[in-house]
Amino acid sequence: MNNKSIANQILLLVFLLFLLSAGLKYYYKDIFAVEMLFAVMEAALVGGIADWFAITALFKKPLGFPWHTALIPRHRQKVIWSIRNIIDQDLLTVQSIKKRVESICFVTLLIGFVDHERGREFIRSSLERFGKDMISKLDIRDFVNHMEGFIRKEIKNIDLISQMNNIVRWLLENDRARVLTMYIVDELINQLDKNEAKRNIYQYLEEMTQTKNRSPLERAFIWLGEQTNSVSLSDATDAFYAEILAILQDIKNPDHVIHNKIHENLTAIAEASEKNYTWLEQVENWKITLATEVELGDAVIHVSENFLKTTNPQLSPQLIDWIYTQMDRYWMFFKGNIELQEWLEVRIKQVIYELIEKEHYIIGEIVQRVLGEFNDDKLNRFVEEKAGNDLQWIRINGSIVGGIVGLIMFFFLRYIYDPYVVPIIQSLF
């Protein structure tokens, strides 16, 4: 039960007691208790009705009374502005918000959020969604232009000699060059296992047989082979294909001459002195040629399109896993670095303080805009919801205080005013 119902019930009770006391007074005029009850109920009823009228006059016209009533609807702009000032200048001031922000540790909240299972799911889903959105909106031509400019710039700035020496030394360590060669040979064998490899060989041999720039003896030999069925393109293709596979399988032997030759050449490069100016000049010229003359656009477009095909419309899980792993590594480093956490906490609060000082007026504008959309009834309900219970207590207090004042006035009139004051006044006239 809210205070408005209580106030209405108390007012009704006071009215009924007033009617009862009035009836008793009519039949028992000179009884002390009856006269006292009538005086108390009369004052309580007057106080309750007066406060009911005053509170009701804030929101509407009580009993249709038009003067100085419905104050809130009539002065809605002043009311809205007053509410805005209360919130903006008294409740949510810049200083009070800053004080509240000062008591919050945002880094602790951030760590708690990220380490929670839902936080990690949110980050991963956001990462996937951002990646898909970025790729779907990516202009491949514009991207390639930027990438080409970036690559050319980096090629010019890179110390190619040092990088090549590092790569060569890395390949020579633990016989990595041999492992890399094996990997390349295996990839070539895998590519040859596809049917299109034989088709390409067959097409190549067929083009050779149809080449016009051959000697009469070569053409005669090919013609004779075809006529006698001793030379078949299909058989030649199979033989050529088998020979290539045999050569590649032979290269996989660690003692093959190619492995030794690669190792010798890499060793010679690694031992080459950086004072070999001829070598340095050749590498530098090759680098400048690559950065200025070689068309990188088509290659970058090809690589980019292949990448987008594998990532769009569904971003590659391997790529997401790799990015997520890197983020997790840096996150563990962040959690173990107290100085970095303190630095971030200071920066976060600085940003929030600047935002509060710069955008604090928005609070008042939001309050004013929201309240400005209220009609009279909705504004009345809003005020009643926020302060109505306290206002109804005024009505309750009006009946109680009225009854107490009526009791005091009854004793004053009966024991002081009538016996002492009235005779003095009469003696003066």
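Read in order, the letters of the sequence shown correspond to residues 1 to 429 in the UniProt record's numbering.
No residue lacks a Cβ here, since even glycine has one placed at the ideal position from N, Cα and C.
Since this is a predicted model, take the numbers as computed values, not measurements.
When only Cα atoms are considered, R347 and N2 end up about 48 Å apart.
Per DSSP, I87 lies in no alpha helix (DSSP H) segment and is marked neither H nor E.
Around the CB of F122, fewer than 16 other CB atoms lie within 10 Å, so the residue is classed as exposed.
Counting only residues of its own chain and dropping the five nearest sequence neighbours on each side, P254 has a CB closer than 7 Å to the CB of R178. Judged by DSSP secondary structure, D376 falls within the alpha helix (DSSP H) whose first and last residues are 376-412. When rounded, the separation of the alpha-carbon atoms in Y183 and M164 is 20 Å. The beta-carbon separation of V79 and I72, rounded to 5 Å, stays under the 8 Å limit for a contact.
Per DSSP, the unbroken alpha helix (DSSP H) holding G112 starts and ends at 106-115. Within 10 angstroms of the beta-carbon of M41 lie 16 or more other beta-carbons, which makes it buried. Scanning E173, N190, L180, D238 for the CA closest to the CA of Y202 turns up D238.
Counted as a single uninterrupted DSSP element, the stretch harbouring S103 is not any alpha helix (DSSP H), since DSSP gives it neither H nor E. A residue is called buried when at least 16 other Cβ atoms come within 10 angstroms of its Cβ; R141 does not meet this threshold and is exposed. A direct Cα-Cα distance of roughly 14 Å separates R152 from N285.
Per DSSP, reduced to three states, the secondary structure at W67 is coil, with no helix or strand assignment. In chain order, R84, D88 place their CB closer than 6 Å to the CB of G364, counting only its own chain and leaving out the 5 sequence neighbours on each side. Three or more pairs of CB atoms, one per stretch, sit closer than 8 Å, so the stretch 40-58 contacts the stretch 397-413.
The stretch 21-28 and the stretch 406-421 do not touch, with fewer than three beta-carbon pairs separated by less than 8 Å. By the neighbour-count criterion, in which 16 or more other beta carbons inside 10 Å mark a residue as buried, I55 falls on the buried side. A residue is called buried when at least 16 other Cβ atoms come within 10 angstroms of its Cβ; A33 does not meet this threshold and is exposed. The three-state reading of DSSP puts T93 in coil, since its state is none of H, G, I, E or B.
A387 has its alpha-carbon roughly 24 Å from the corresponding atom of V14. By the Cβ rule, the stretch 60-76 counts as touching the stretch 374-381, because three or more pairs are nearer than 8 Å. Contact check for S21 and L37: beta-carbon distance about 4 Å, within the 8 Å limit, so the pair qualifies. For N190, the uninterrupted alpha helix (DSSP H) segment begins and ends at 176-192.
DSSP places D159 in the coil class of the three-state scheme, outside both helix and strand.
In this structure T292 is exposed. Its beta-carbon is surrounded by fewer than 16 other beta-carbon atoms within 10 angstroms. For the 8 Å CB-CB criterion, E384 and V94 do not form a contact. Contact between R395 and A44 is absent: CB atoms are separated by about 12 Å, not below the 8 Å threshold.
When the alpha-carbon of R199 is set against those of H259, F150, D235, the nearest one is in D235. A Cβ-Cβ separation of about 6 Å places L266 in contact with L172 under the 8 Å criterion. Bounds of the alpha helix (DSSP H) holding V14 are 3-27.
The criterion of a C-beta distance shorter than 8 Å is not satisfied by W331 and V107.
H256 and N166 have their alpha carbons spaced roughly 25 Å apart. Between the beta-carbon of Y324 and that of L127 there is about 7 Å, and that keeps the pair under the 8 Å contact cut.
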